[in-house]
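K.L.:
Under our numbering, residues 93 to 236 are what the sequence shown spells out, in order.
Backbone N, C-alpha and C define an ideal beta-carbon position, used for all residues, glycine too.
Just dropping this structure here.
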Amino acid sequence: MITPAELAERFSYARFHPQFNLVTWHPTGVLSNERADRMMDFIEMAEDPQEAPFHRYTDMSGYSQIQIGFDHVVRLARRRRSYQGPPVKSALFAVRLISVSIARMYEELMIESPIQVCTFRDRAAAADWLGVSVDLLSAPNCEK
93 MITPAELAER FSYARFHPQF NLVTWHPTGV LSNERADRMM DFIEMAEDPQ EAPFHRYTDM
153 SGYSQIQIGF DHVVRLARRR RSYQGPPVKS ALFAVRLISV SIARMYEELM IESPIQVCTF
213 RDRAAAADWL GVSVDLLSAP NCEK
């Protein structure tokens, strides 16, 4: 089971909101194959079949560089398609063309998976889809 403290300790840019069964990710820096693998490893470890499933929100706007290969995105999607838990939502917020392209590619690869992926260029639309307030999707420690 994910605890808010464990998530924040491992990923300073992530928060778990237990009342909404939602993990929000606000990574910065470089999106690399290794960094994507670390995030997936943690999510898979946290997906306890005995616990309530959790939805995911990833804000890709903080990445300064995208260095993940398209072939790696395909491998990640194949890996995640093996998820056997209850249906969950994964919202990807992206504004730059390369981030939108990666997010939409992953979304397409996840069709017919219990993990419903949707790419958004509007944070309010992502909040509506997840059923939470847009404020909840703001980056931690950011000015409003």
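Have a look at the DSSP bridge pairing and note the partners of glutamine 157.
P.N.:
Answer by DSSP bridge pairing, in chain order: Val122.
K.L.:
By the three-class DSSP mapping on this structure, what secondary structure does serine 191 have?
P.N.:
Correct three-state label for serine 191: helix.
K.L.:
Looking at the secondary structure, which residues open and close the beta strand (DSSP E) in which leucine 114 lies?
P.N.:
Leucine 114 -> beta strand (DSSP E) spans 114–117.
K.L.:
Apply the 10 Å Cβ neighbour rule to methionine 137 and answer buried if 16 or more other Cβ atoms are within range, or exposed otherwise.
P.N.:
Flag for methionine 137 reads exposed.
K.L.:
Could you name the residues that DSSP lists as bridge partners for arginine 148?
P.N.:
According to DSSP, which records beta bridges pairwise, arginine 148 is partnered with Val115 and Ser182.
K.L.:
Between which two residues does the beta strand (DSSP E) harbouring alanine 219 extend?
P.N.:
Taken as a continuous stretch (DSSP letters only), alanine 219 belongs to no beta strand (DSSP E), being part of the alpha helix (DSSP H) at 215–222.
K.L.:
Could you tell me whether the region 223–230 touches the region 192–199, where touching means 3 or more Cβ pairs closer than 8 Å?
P.N.:
Segments in contact, no.
K.L.:
Could you check whether the Cβ of alanine 217 sits closer than 7 Å to any Cβ belonging to chain C?
P.N.:
In the structure shown, chain C does not exist; there is a single protein chain.
K.L.:
According to DSSP, simplified to helix, strand and coil, what is phenylalanine 162?
P.N.:
Helix.
K.L.:
Taking the C-alpha atoms as reference points, what is the distance between valine 180 and arginine 102?
P.N.:
Cα to Cα, the separation comes out at about 22 Å.
K.L.:
Among Phe112, Tyr155, Glu126 and Gln111, which residue has its Cα nearest to the Cα of tyrosine 105?
P.N.:
Out of Phe112, Tyr155, Glu126 and Gln111, Tyr155 has the C-alpha closest to the C-alpha of tyrosine 105.
K.L.:
Quick check on aspartate 151: buried or exposed, where buried means 16 or more other Cβ atoms within 10 Å of its Cβ?
P.N.:
Its Cβ being crowded by 16 or more others within 10 Å, aspartate 151 is buried.
K.L.:
Taking the C-alpha atoms as reference points, what is the distance between glycine 116 and serine 153?
P.N.:
The sequence given here has threonine at residue 116, not glycine. Those two C-alpha atoms are separated by around 13 Å.
K.L.:
Are the beta-carbon atoms of alanine 183 and tyrosine 149 separated by less than 7 Å?
P.N.:
Yes, these two residues count as a Cβ contact at 7 Å.
K.L.:
Whose CA, out of Trp221, Arg215 and Arg107, lies closest to the CA of glutamine 208?
P.N.:
Cα-wise, what sits closest to glutamine 208 is Trp221.
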